[in-house]
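Chemist:
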């Protein structure tokens, strides 16, 4: 069975140069990217953010995915490491609480050329290559739009009081409670939701934990989407143009119209992943990484991820 881990390449611009953070592990006397194994009850994004905090003292949000490393350990088992790019702001850098430890003795910022020369392992160069390609294409700085399907709800057949008030089941409540730390990994600061009970109940724990007010949007209900689909599409287009990190909690029947809007911002290579939004499981979400652009109309889909909360001990 494979060992699962997650990490990131931390990046920032200094003196108009791209710099990346490389850690030195005294125990092994090696240089590599910050990463670590998944803890019980964690999703991969949660692991990445936690390990970055523990190993570098930096509090970050995940940007675009940088692929997966697969390699054999000395005991012949496989290790899979999922990587993201993470932009480090000046504020985050100033607030770093890094202290040298037995595990990580130093964190150094290097140019890409310096990092390439410093890295101890051949497989670490793969992620650096992807990051540099995205940087050259002006696709490294992004802000996500998260499209969340509400948690598992009572069936339509067993609920007689109308769709607007149909509640979550206990499984749905468990999904809602598990979402905050996972959604926080992507840094959404603005929250929109259908006003129907199952959506508001799904997003409530995240809104409470981040102290963000939920902006109720009737356009994201099933009824509004069916009767006035253009209003639903227009609202999403306008939200994309805000250039903000945001999350939208809505319903599965609304997804095809949301997909159609996102496809207008995406190359065809991303269409298949966007199409997966139509079959999101309850409590799951898509992270659509959109480029940051001074002209918001020019924002484009850079990458798409699908995630689900892990229910269990943390």
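In UniProt numbering, the protein residues as written are 1 to 314.
Quick reminder that beta carbons are idealized off the backbone N, C-alpha and C, glycines included.
Just so you know, these numbers come straight off a predicted model, no measurement behind them.
1) Using only the alpha-carbon positions, how far apart do residue 242 and residue 27 sit?
2) Just verifying my parser: in three-state terms, what is the DSSP assignment at residue 49?
3) Who are the near neighbours of residue 296 in its chain, counting only those whose CB is closer than 6 angstroms to its CB and skipping five residues on each side?
4) Report yes or no: do three or more beta-carbon pairs, one from the segment 166-186 and one from the segment 123-137, lie closer than 8 angstroms?
5) Using alpha carbons as the reference points, say which of 269, 286 and 98 lies closest to residue 276.
6) Looking only at its chain, what residues have a beta carbon closer than 8 angstroms to the beta carbon of residue 226, apart from the 5 residues adjacent to it on each side?
7) Would you please state the rounded distance, in angstroms, between the beta carbons of residue 270 and residue 304? I believe it to be under 8 angstroms.
8) How many Å lie between residue 359 and residue 217 at the Cα?
9) For residue 156, which residues in the same chain have their Cβ closer than 8 angstroms to its Cβ, ignoring the five residues on either side in sequence?
10) Does any residue of chain C bring its CB to less than 7 angstroms from the CB of residue 103?
11) Which complete alpha helix (DSSP H) runs does the segment 121-147 hold, if anything under 4 residues is left out?
12) Where does residue 303 sit, in a helix, a strand or coil, going by DSSP?
13) Between which two residues does the beta strand (DSSP E) harbouring residue 246 extend?
14) Just mark residue 159 as buried or exposed, buried being the case when its beta carbon has 16 or more other beta carbons within 10 Å.
15) Throw me the rounded Cβ distance for the residue 185 and residue 61 pair, which I believe falls under 8 angstroms.
16) Does the distance from the C-beta atom of residue 291 to that of residue 142 stay below 7 angstroms?
17) Report, in whole angstroms, the separation of the C-beta atoms of residue 105 and residue 50, which I expect to be a contact under 8 angstroms.
18) Specify the secondary structure class of residue 40 as computed by DSSP and reduced to three states.
19) Please return the same chain residues whose Cβ sits closer than 6 angstroms to the Cβ of residue 212, not counting the five positions on each side in sequence.
20) Looking at the strands, I want to know which residues DSSP matches up with residue 190.
21) Residues in the same chain with beta-carbon distance under 7 angstroms from residue 209, minus the five sequence neighbours each way, listed in chain order, please.
22) Taking a contact to mean a Cβ-Cβ separation below 7 angstroms, would you say residue 283 touches residue 175 in this structure?
23) Where in the segment 86-113 do unbroken runs of the beta strand (DSSP E), each at least 3 residues long, occur, reported from the N-terminal end onward?
24) State the CB to CB distance for the pair residue 246 and residue 145, rounded to an integer number of angstroms; the pair is presumed to be in contact (CB under 8 angstroms).
25) What did DSSP end up calling residue 261 once you bin it into helix, strand or coil?
26) Please report the straight-line C-alpha distance between residue 229 and residue 236, rounded to a whole angstrom.
27) Please report the distance separating the alpha-carbon of residue 261 from that of residue 150.
28) In or out: residue 119 buried (at least 16 other Cβ within 10 Å) or exposed?
29) Using C-beta distances below 7 angstroms, list every residue in its chain close to residue 112, excluding the 5 sequence neighbours before and after it, in chain order.
30) Measuring CA to CA, which of 45, 265 and 91 is closest to residue 81?
31) Between the C-alpha atoms of residue 267 and residue 273, what's the straight-line distance to the nearest angstrom?
32) Tell me which residues share the same chain as residue 343 and place their Cβ nearer than 8 angstroms to its Cβ, disregarding the 5 neighbours each side in the sequence.
Modeler: Concretely, from the data shown:
1) A straight-line Cα-Cα distance of about 46 angstroms links residue 242 and residue 27.
2) The DSSP-derived three-state label of residue 49 is helix.
3) Excluding positions up to five away in sequence, the list reads 241 and 243.
4) Segment contact: the segment 166-186 against the segment 123-137, fewer than three CB-CB distances shorter than 8 angstroms; contact not assigned.
5) Nearest C-alpha to residue 276 among 269, 286 and 98: 286.
6) Within the same chain, Cβ atoms closer than 8 angstroms to the Cβ of residue 226 are found at 253, the five residues on either side in sequence being excluded.
7) Right, the Cβ-Cβ distance comes to about 6 angstroms (below 8 angstroms), so this counts as a contact.
8) Given a span of 1 to 314 for the chain in the structure shown, any question on residue 359 remains unanswerable.
9) Answer for residue 156: 163 and 166, listed in chain order.
10) The displayed structure is made up of one protein chain only, and chain C is not part of it.
11) Whole alpha helix (DSSP H) segments, 4+ residues: 124-136.
12) Correct three-state label for residue 303: strand.
13) Where residue 246 is concerned, the enclosing beta strand (DSSP E) stretches over 246-250.
14) Looking at its Cβ environment, which holds fewer than 16 other Cβ atoms inside 10 Å, residue 159 is exposed.
15) Residue 185 to residue 61, Cβ: 7 angstroms. Contact.
16) Yes.
17) The beta-carbon distance between residue 105 and residue 50, rounded to whole angstroms, is 20 angstroms. This is too long to meet the 8 angstroms contact definition.
18) Coil, per DSSP.
19) Listed in chain order, the non-local C-beta contacts of residue 212 below 6 angstroms within the same chain comprise 191, local neighbours out to five positions each way being set aside.
20) Its beta-bridge partners are 246.
21) Same-chain partners within the cutoff: 180.
22) A Cβ-Cβ contact shorter than 7 angstroms links residue 283 with residue 175.
23) Within the segment 86-113, the complete beta strand (DSSP E) runs of at least 3 residues are 106-111.
24) Contact annotation, residue 246 with residue 145: C-beta distance approximately 6 angstroms; criterion of less than 8 angstroms satisfied.
25) Helix at residue 261.
26) Distance from the CA atom of residue 229 to the CA atom of residue 236, rounded to whole angstroms, is 11 angstroms.
27) The alpha-carbon atoms of residue 261 and residue 150 are separated by roughly 20 angstroms.
28) Counting every other CB atom within 10 Å of its CB across the protein chains shown gives residue 119 a total of 16 or more, marking it as buried.
29) Its chain contains 18, 20, 128 and 132 as the residues whose beta carbon lies nearer than 7 angstroms to that of residue 112, once the 5 sequence neighbours on both sides are disregarded; these appear in chain order.
30) Here the closest residue by C-alpha is 45.
31) In a straight line, the C-alpha of residue 267 is about 11 angstroms away from that of residue 273.
32) Given a span of 1 to 314 for the chain in the structure shown, any question on residue 343 remains unanswerable.
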